[in-house]
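The structure under discussion appears below in the form of structure tokens.
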Amino acid sequence: MAGHSKWANIKHRKAAADAKKGKVFTRLIKEITVAAKMGGGDPGTNPRLRLMLDKAREANMTKDSVQRAVQRGTGELEGVSYEEARYEGYGVGGAAVMVDCLTDNRTRTIAEVRHAFSKNGGNIGADGAVAYLFKHCGQFVFAPGATEDKVMEAALDAGAEDVVANEDGSIEVICAPGDFEKVKAGLEKAGLKPDAAEVTMKPASEVVLAGEDAEKMRNLLDALESLDDVQDVYTTAALDE
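So in my numbering, spot 123 of the sequence shown is number 135, and the numbers just go up one at a time.
What follows is the structure, given as structure tokens:
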């Protein structure tokens, strides 16, 4: 069981992303640049770049912005060089938090991340402190009201590993990261459009927080999300509304 507050958490994340549209573009530009640098500028042979280009289209980024990001990654244009950094720690109630960053200055980034943790009741930990609590996977989430049988049939036919019906009525489809595009295409072919779809770090289990603890945890997550170098924040906390 993935947690009764799954859909509430997804809605909160979507709302937070919409409220920071400018930052969404900045994050995508960084991701596209790094993906092109690591795997080349051809999305046909670079799955990570292909996924980022899909996200850019969904966010309505201009083609020029996307193209410049690819060219900076492949070295055709000069630009800032970003490197990946991951920081791990704990928030309220011992809930695990993992923060993925793209940065041109690790000293600045770790200082900002550490400050966000300490200011909001959390503690940053050593490398590997909480990573084992998460699974790297593709995740599709359907809002309450979707037809479980239809989702399950299409997802499993497309190669998904699991389909989970949550207590709040939402449905999750889980697949291997490398099967993300295949499962997405299978769902679309069946006329199913997930309300959230991403390659993510899914918690193996969750720590349910309510009331004041949930508010404190949300403040920590929002503080981390607001940092310029932060790309993604993952947590084992399930925040009850």
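Every residue, glycine too, gets a C-beta built ideally from N, C-alpha and C.
For residue j and residue i, believed in contact at Cβ under 8 Å, the rounded distance
i, j, result
"residue 241", "residue 113", "5 Å"
"residue 202", "residue 166", "4 Å"
"residue 183", "residue 160", "6 Å"
"residue 236", "residue 229", "With a Cβ gap of about 11 Å, residue 236 and residue 229 do not count as contacting."
"residue 254", "residue 121", "The structure shown does not extend to residue 254, since the chain is modelled only from 13 to 253, so the question has no answer here."
Selection from the options that minimises the alpha carbon distance to residue i
i, options, result
"residue 177", "142, 152, 115 and 191", "152"
"residue 39", "147, 245 and 127", "245"
"residue 93", "226, 118 and 169", "118"
"residue 250", "66, 71, 108 and 98", "108"
"residue 71", "52, 49 and 41", "41"
"residue 73", "223, 156 and 36", "36"
"residue 213", "116, 65 and 243", "243"
"residue 180", "123, 158 and 215", "158"
"residue 171", "155, 192 and 145", "192"
"residue 141", "111, 130, 131 and 154", "111"
"residue 169", "91, 198 and 46", "198"
"residue 99", "128, 48, 90 and 155", "128"
Neighbour-count burial assignment, residue i, 16 or more Cβ in a 10 Å radius
i, result
"residue 190", "exposed"
"residue 217", "exposed"
"residue 43", "buried"
"residue 248", "buried"
"residue 196", "buried"
"residue 144", "exposed"
Please give me, in chain order, every unbroken run of the alpha helix (DSSP H) with length at least 4 that falls completely inside the segment 144-194. Qualifying alpha helix (DSSP H) stretches, in chain order: 160-169.
Okay, do the segment 115-135 and the segment 91-106 touch, 3+ Cβ pairs below 8 Å being the bar? Yes: at least three Cβ pairs fall under 8 Å.
Contact the segment 201-218 vs the segment 78-91: 3+ CB pairs below 8 Å: no
Contact the segment 50-67 vs the segment 80-95: 3+ CB pairs below 8 Å: yes
Run through the segment 62-128 for me and flag every whole alpha helix (DSSP H) of 4 or more residues, listed as ranges in chain order. Entirely contained in the segment 62-128, the alpha helix (DSSP H) runs reaching 4 residues are, in chain order, 75-86.
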